[in-house]
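Inspection log for the structure reproduced underneath, given as structure tokens.
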Amino acid sequence: MSLQPQVIYLVPEDTATLARTIFPKRNTPWMQMRDHLGMIYEDRDFAALYPTVGHAAASPHRLALATRMQAAEHLTDIQAATAIRARIDWKYALSLPLDHPGYDASVLSEFRTRLLAGSAERLLCDTLLDLVRDLGLIKARGKQRTDSTHVLADIRSLNRLELIGETVRAALNSLAVVAPDWLLSWVPQDWFDRYADRCEEYRLPDSETARQTLGTTLRTDGYQLLTAVCAPATPPYLRQVPAVDVLRQVWVQQFYGPTSQTSGAAWRIPGRAPVRSPRPTMWTRAMRPNVISTGSATRCM
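As structure tokens, then:
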């Protein structure tokens, strides 16, 4: 991907008209940010991170701004990509036309990788701080955080939670198709609520403590599912289900273990890209009445 920097990005007329119609007072934080701070970043700020030949890359000024907005709202890459595609206040802030299709979630991840590989993560905070200082919005001797690594770490933590949650959900979806009776004979009832919806359809925890708690729960569920699949009485063909193999691989990549199911989530240090899990949609609350009507006892592994 090569960079073809653009100097000026104006808010397209169609986007501006609709945004001002829906928000006549422009009282959304992202519209106010665009109106008062302008573009904040410029494509040329990131020129060193891109080659000079190849297909045109997505505008790095937009990706940098989207990364800041994503961290502020505690969104995963998939949720942020949806916001870029669907939310008028995001399109306004990013100077995108209404019919812009947005970006794939992987584009956001690839941009962060470029920042880290080029040791340019400080650009996210330094550029913004220089701008607000020049506008007189911060005091000369005030304390401001200038390290952007916390922004990138926050997004990474959310994405890892989404990954492991969706991996368990994908395995349950597949098993619900090939062996529904076996699954309903032991599955804990609270899993119907936990894995009924896709992870990107609800907000993940904001605090680090709550994220660790959720990580522990998801990790325990994954090990419990793998233990049940590998039990001697379980039909052997269930171990060959592709989504179950993905679950095993992701757990090896993401966690140190296996350890006891009640221990804390021992995350591996980031460094290798995890397998991306599929996201089928058959694991739903609709199966709950089957558990209740059959009176099957649940069994915790």
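Going by the working numbering, the sequence shown opens with residue 429, and the numbers climb by one from there. Glycine included, C-beta positions come from ideal geometry on N, C-alpha and C.
Exposed unless 16 or more other CB atoms sit within 10 angstroms - verdict on residue i
i: A701; result: Summary for A701: the model assigns pLDDT 43, below 50, so the residue's position carries little reliability; its value from the coordinates is reported in the next sentence. When all chains shown are included, A701 counts as exposed.
i: D649; result: buried
i: L544; result: exposed
i: L654; result: buried
i: A500; result: exposed
i: Q507; result: buried
i: I450; result: exposed
i: L420; result: Residue 420 lies beyond the stretch modelled for the chain, which goes from 429 to 729, so this question has no answer here.
i: A659; result: exposed
i: A485; result: buried
i: D471; result: buried
i: R647; result: buried
Simplified DSSP assignment, three categories, for residue i
i: F730; result: Residue 730 lies beyond the range of the chain shown here (429 to 729); nothing can be said about it.
i: F539; result: helix
i: A475; result: helix
i: A607; result: coil
i: W518; result: helix
i: T595; result: helix
i: A694; result: coil
i: A659; result: coil
i: A508; result: helix
i: A486; result: coil
Whole-angstrom distance between residue j and residue i, CA atom to CA atom
i: Y733; j: T555; result: In this structure the chain extends from 429 to 729, so residue 733 is not present and cannot be described.
i: A511; j: L524; result: 12 Å
i: E590; j: Q677; result: 16 Å
i: T662; j: R626; result: 27 Å
i: C553; j: R448; result: 29 Å
i: Y651; j: I592; result: 11 Å
i: Y437; j: S547; result: 26 Å
i: L666; j: D609; result: 13 Å
i: D527; j: Q668; result: 43 Å
i: R482; j: A475; result: Position check: residue 482 holds Gly in this sequence, whereas Arg was assumed. Between G482 and A475, the C-alpha separation is close to 14 Å.
i: S585; j: L611; result: 30 Å
i: I468; j: L493; result: 8 Å
i: T541; j: T495; result: 12 Å
i: V615; j: V439; result: 51 Å
i: L446; j: H489; result: 23 Å
i: L580; j: E636; result: 14 Å
i: K453; j: E441; result: 17 Å
Close Cβ partners of residue i (< 6 Å) along its chain, the five nearest in sequence each way excluded
i: D505; result: A533, L536, S537 and N587
i: V672; result: A599 and V657
i: R513; result: G530
i: W679; result: G650
i: F539; result: L491
Close-in-space but distant-in-sequence residues of the same chain around residue i (CB under 7 Å, 5 per side omitted)
i: P633; result: R639 and L642
i: M461; result: A521
Nonlocal neighbours in the same chain, by C-beta distance under 8 Å from residue i, ignoring five residues either side
i: S602; result: V669, P670, A671, V672 and P708
i: W458; result: M497, D517, W518, Y520 and A521
i: A444; result: Y520
i: V560; result: L465 and I566
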